[in-house]
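Chemist:
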Amino acid sequence: MNKTHIQPERMRRLVTDYIERWETKPWGAVDIPWEQLQADRLTETQGSAIRFVTLIEDHVPGYIQDVLKHFPADESVSPSQFMHNRELFRFFMRWAQEEDRHADVFGRYQVRAGIQSEEALHAELCRQGRKTWRFPRELPVQIFTYTVIQEKATQLYYQMLGRAVDEPVLKVLLNRIQKDEARHFAFYASILEAYIEELGQDILPAIQEVLHSFKMPLAEQLDNYWRWSLEVSDAAGGYDHTAAYTELVRVVQRAANASSSSQKLADWVRAVRAT
Amino acid sequence: MIQPGIEDAIKKIVQSTLNLPESEIDSSTNLRDLPGVESIKILRIVASLEKKFDVRLDDQVVFRVSTIEELAGAVSKLVEERRTP
Numbered sequence: 448m449n450k451t452h453i454q455p456e457r458m459r460r461l462v463t464d465y466i467e468r469w470e471t472k473p474w475g476a477v478d479i480p481w482e483q484l485q486a487d488r489l490t491e492t493q494g495s496a497i498r499f500v501t502l503i504e505d506h507v508p509g510y511i512q513d514v515l516k517h518f519p520a521d522e523s524v525s526p527s528q529f530m531h532n533r534e535l536f537r538f539f540m541r542w543a544q545e546e547d548r549h550a551d552v553f554g555r556y557q558v559r560a561g562i563q564s565e566e567a568l569h570a571e572l573c574r575q576g577r578k579t580w581r582f583p584r585e586l587p588v589q590i591f592t593y594t595v596i597q598e599k600a601t602q603l604y605y606q607m608l609g610r611a612v613d614e615p616v617l618k619v620l621l622n623r624i625q626k627d628e629a630r631h632f633a634f635y636a637s638i639l640e641a642y643i644e645e646l647g648q649d650i651l652p653a654i655q656e657v658l659h660s661f662k663m664p665l666a667e668q669l670d671n672y673w674r675w676s677l678e679v680s681d682a683a684g685g686y687d688h689t690a691a692y693t694e695l696v697r698v699v700q701r702a703a704n705a706s707s708s709s710q711k712l713a714d715w716v717r718a719v720r721a722t
Numbered sequence: 004m005i006q007p008g009i010e011d012a013i014k015k016i017v018q019s020t021l022n023l024p025e026s027e028i029d030s031s032t033n034l035r036d037l038p039g040v041e042s043i044k045i046l047r048i049v050a051s052l053e054k055k056f057d058v059r060l061d062d063q064v065v066f067r068v069s070t071i072e073e074l075a076g077a078v079s080k081l082v083e084e085r086r087t088p
């Protein structure tokens with residue numbers, strides 16, 4: 448695998464396209480109809496799910512610190528790689544801002560709905576937020592594969608939880624956030640497609656490696672993660688993050704078919720379905 | 004030493020969680036190789052086991068065990084520890 452990244456011009460087009468769409472969809476905590484909150488319509492399990500997702504979203508300083516290490520914008524990389532990374536940086540800044548907004552509104556929701564006090568919330572965020580998280584793989588294409596799955600899984604989760612809850616403000620919140628996650632997924636999917644088209648199907652095994660070791664963010668960092676994730680899944684009517692794998696298969700098939708169809712792709716899809 | 008009955012109880016939980024006929028479930032089969040298995044279903048099996056036997060498996064054990072036999076061994080150990088004064 449000689450070429451490691453797509454043309455900077457292509458990255459610029461994809462990021463610009465994202466920004467143009469992003470700048471038409473701004474929203475924040477002030478847009479949430481907090482006065483309509485009916486905390487008594489929230490179940491204990493749903494409250495626990497909101498605590499869980501607040502922690503995941505609030506880890507954004509850790510995510511951004513790690514991802515920037517993988518895409519340096521300095522003299523350690525070639526001019527072409529620098530331009531690729533510089534363009535991507537524009538997206539990462541907006542992405543971090545959106546994730547931070549999610550953490551902020553979920554935190555405010557917890558306090559207003561009485562899920563936990565502000566002091567308890569900040570103590571929990573501090574205890575868990577200090578833990579180090581790293582992308583499980585190193586190659587750019589693997590980082591984009593990870594984010595494709597993770598963003599789609601998160602979007603699906605918020606969608607399902609939104610359907611399961613009766614509390615009106617949480618419904619509004621989840622609907623807004625799932626739309627952000629859908630745009631993140633669409634962006635990462637477009638990058639992944641570009642990588643497959645430009646780097647060719649030799650990168651398919653690297654993509655598959657991500658699936659084999661995939662764990663949702665903080666799966667190894669949060670206390671009591673797996674028991675808590677079952678409760679979170681139940682709150683959303685039996686959600687399972689592996690549903691996002693189907694979307695990854697679609698993205699790869701679309702991109703690989705656009706470049707050339709081959710037995711390699713068919714074998715890859717078969718292997719993924721068996722994962 | 005596996006406590007009597009624990010292995011059979013685990014088989015029943017696996018059977019109902021994965022909706023599989025008894026004939027497909029063997030003590031030495033890797034749980035991840037069973038038809039219809041997903042990571043979350045394995046966690047549901049472990050959660051059911053913890054509830055049934057009133058034990059709490061260590062996270063390392065949960066992610067390391069691969070067969071019903073191994074799972075039965077881990078649960079038996081905890082049950083035995085609880086009985087020992």
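If you're matching them up, the sequences are chains A and B in order. Take the position in the first sequence, starting the count at 1, then add 447; the result is the number in this note's numbering. Take the position in the second sequence, starting the count at 1, then add 3; the result is the number in this note's numbering. Heads up, the beta-carbon is just placed ideally off N, CA and C, and yes, glycines get one too. Keep in mind the model is a prediction, meaning the values are calculated, not measured.
1) So which of B:R47, B:I48 and B:E27 has the shortest CA-CA distance to P38 (chain B)?
2) I'd like to know whether the C-beta of D62 (chain B) is nearer than 8 Å to at least one C-beta of chain A.
3) What's the call for K472 (chain A), buried or exposed, on a 16-neighbour Cβ count within 10 Å?
4) Going by other Cβ atoms of all chains shown within 10 Å of its Cβ, with 16 needed for buried, is N22 (chain B) buried or exposed?
5) Do you know how far the Cα of S525 (chain A) is from the Cα of N449 (chain A)?
6) Quick check on T451 (chain A): does DSSP put it in helix, strand or coil?
7) Taking the continuous alpha helix (DSSP H) assigned at D547 (chain A), which residues delimit it?
8) Express the C-alpha separation of A666 (chain A) and E656 (chain A) in angstroms, rounding to a whole number.
9) At the level of alpha carbons, what is the spacing between Q625 (chain A) and F553 (chain A)?
10) How would you write the range of the alpha helix (DSSP H) that R86 (chain B) sits in, first residue to last?
11) Once the 5 residues before and after A641 (chain A) are set aside, which same chain residues still bring their CB inside 6 Å of it?
12) Quick one, are the C-beta atoms of V616 (chain A) and P508 (chain A) less than 8 Å apart?
13) Among residues of its own chain, excluding the 5 on either side of A702 (chain A), which ones have a beta-carbon nearer than 6 Å to its beta-carbon?
14) Quick check on S42 (chain B) - is its C-beta less than 8 Å from some C-beta in chain A?
15) For the region 72-84 of chain B, list every residue whose C-beta sits within 8 Å of some C-beta in chain A, in sequence order.
16) Please confirm if the region 664-678 of chain A is in contact with the region 570-586 of chain A, defined as three or more CB-CB distances below 8 Å between the two stretches.
17) Terminal residues of the continuous alpha helix (DSSP H) containing I13 (chain B)?
18) For S660 (chain A) versus P583 (chain A), is the C-beta spacing smaller than 8 Å?
19) Which residues of chain B have a Cβ atom closer than 7 Å to the Cβ of D687 (chain A), listed in chain order?
20) List, in chain order, every chain A residue whose beta-carbon is nearer than 9 Å to that of R67 (chain B).
21) Output needed for Q606 (chain A): all residues of its chain with C-beta closer than 8 Å, excluding positions within five of it in sequence on either side, in chain order.
22) Interface residues of chain A around A50 (chain B) at Cβ under 9 Å?
23) Near R459 (chain A), which residues of its chain fall below 7 Å by C-beta distance, leaving aside the five closest residues on each side in sequence?
24) Where does N704 (chain A) sit, in a helix, a strand or coil, going by DSSP?
25) Out of A:L669, A:E571, A:F529 and A:A486, point me to the one whose CA is closest to K618 (chain A)'s CA.
26) Using a Cβ-Cβ cut-off of less than 8 Å, give me the residues of the region 8-35 of chain B that come near chain A, in sequence order.
27) For E53 (chain B), which of B:M4, B:L81, B:S19 and B:P24 has the nearest alpha-carbon?
28) Helix, strand or coil: which one does DSSP assign to N33 (chain B)?
29) Among A:F518, A:R541 and A:M540, whose alpha-carbon lies nearest the alpha-carbon of M530 (chain A)?
30) Give a yes or no on whether the minimum CB-CB distance between S660 (chain A) and chain B is below 8 Å.
31) Compare the C-beta of L37 (chain B) with all C-beta atoms of chain A and state if any pair is closer than 8 Å.
32) Quick one: using the 10 Å Cβ neighbour count with 16 as the cut-off for buried, is D505 (chain A) buried or exposed?
33) From the DSSP output, in three-state form, read off M4 (chain B) for me.
34) Measure the beta-carbon distance from T20 (chain B) to K44 (chain B) and round it to whole angstroms, keeping in mind my assumption that it falls under 8 Å.
35) Tell me the rounded alpha-carbon separation between I13 (chain B) and A75 (chain B).
36) Mind reading off the beta-carbon distance from E83 (chain B) to S30 (chain B)? Whole number of angstroms is fine, and I expect it under 8 Å.
Modeler: Inspection of the coordinates gives the following:
1) The shortest C-alpha to C-alpha distance from P38 (chain B) to any of B:R47, B:I48 and B:E27 is the one to B:E27.
2) Closer than 8 Å: yes.
3) Exposed.
4) With fewer than 16 Cβ atoms within 10 Å of its Cβ, N22 (chain B) is classed as exposed.
5) Taking the straight line from one Cα to the other gives about 14 Å.
6) DSSP places T451 (chain A) in coil when its eight states are reduced to three.
7) Its alpha helix (DSSP H) spans residues P526 to A560.
8) Cα to Cα, E656 (chain A) sits roughly 18 Å from A666 (chain A).
9) If I take the Cα positions, the gap works out to 13 Å.
10) It spans I71 to R86 - the alpha helix (DSSP H) in which R86 (chain B) sits, taken as one unbroken run.
11) Excluding positions up to five away in sequence, the list reads I453 and R457.
12) The criterion of a C-beta distance shorter than 8 Å is not satisfied by V616 (chain A) and P508 (chain A).
13) Result list for A702 (chain A): E640, I643 and E644, in chain order.
14) By this cut-off, S42 (chain B) is an interface position.
15) Of all residues in the region 72-84 of chain B, none is placed with a Cβ closer than 8 Å to any Cβ belonging to chain A.
16) The region 664-678 of chain A makes contact with the region 570-586 of chain A; the number of CB pairs closer than 8 Å reaches 3 or more.
17) Segment I9 to L21, the alpha helix (DSSP H) holding I13 (chain B).
18) Closer than 8 Å, so yes.
19) Counting only Cβ-Cβ distances below 7 Å, D687 (chain A) has contacts in chain B at E41 and I43, in chain order.
20) Correct list: empty, because the minimum Cβ distance to chain A is about 13 Å.
21) Cβ neighbours of Q606 (chain A) beyond the five flanking positions: L621 and Q625.
22) Correct list: W673, R674 and L677.
23) In the same chain as R459 (chain A), and ignoring 5 residues on each side of it, the C-beta atoms closer than 7 Å to its own belong to E534, in chain order.
24) In the structure shown, N704 (chain A) sits in a helix (DSSP, three-state: H, G or I).
25) The option with the nearest alpha carbon to K618 (chain A) is A:A486.
26) Within the region 8-35 of chain B, no residue qualifies.
27) With distances taken between CA atoms, E53 (chain B) lies nearest to B:L81 out of B:M4, B:L81, B:S19 and B:P24.
28) In the three-state DSSP reduction, N33 (chain B) falls in the strand class (E or B).
29) Cα-wise, what sits closest to M530 (chain A) is A:F518.
30) Taking 8 Å as the CB threshold, S660 (chain A) stays off the interface with chain B.
31) Chain A, which has no Cβ nearer than 8 Å to the Cβ of L37 (chain B), makes this no.
32) Buried: at least 16 other Cβ atoms inside 10 Å.
33) Looking at M4 (chain B) - three-state DSSP - the assignment turns out to be coil, as it is neither helix nor strand.
34) The distance from the Cβ of T20 (chain B) to that of K44 (chain B) is about 6 Å, consistent with a contact at the 8 Å cut-off.
35) I13 (chain B) and A75 (chain B): Cα-Cα distance of roughly 7 Å.
36) E83 (chain B) to S30 (chain B), Cβ: 19 Å. No contact.
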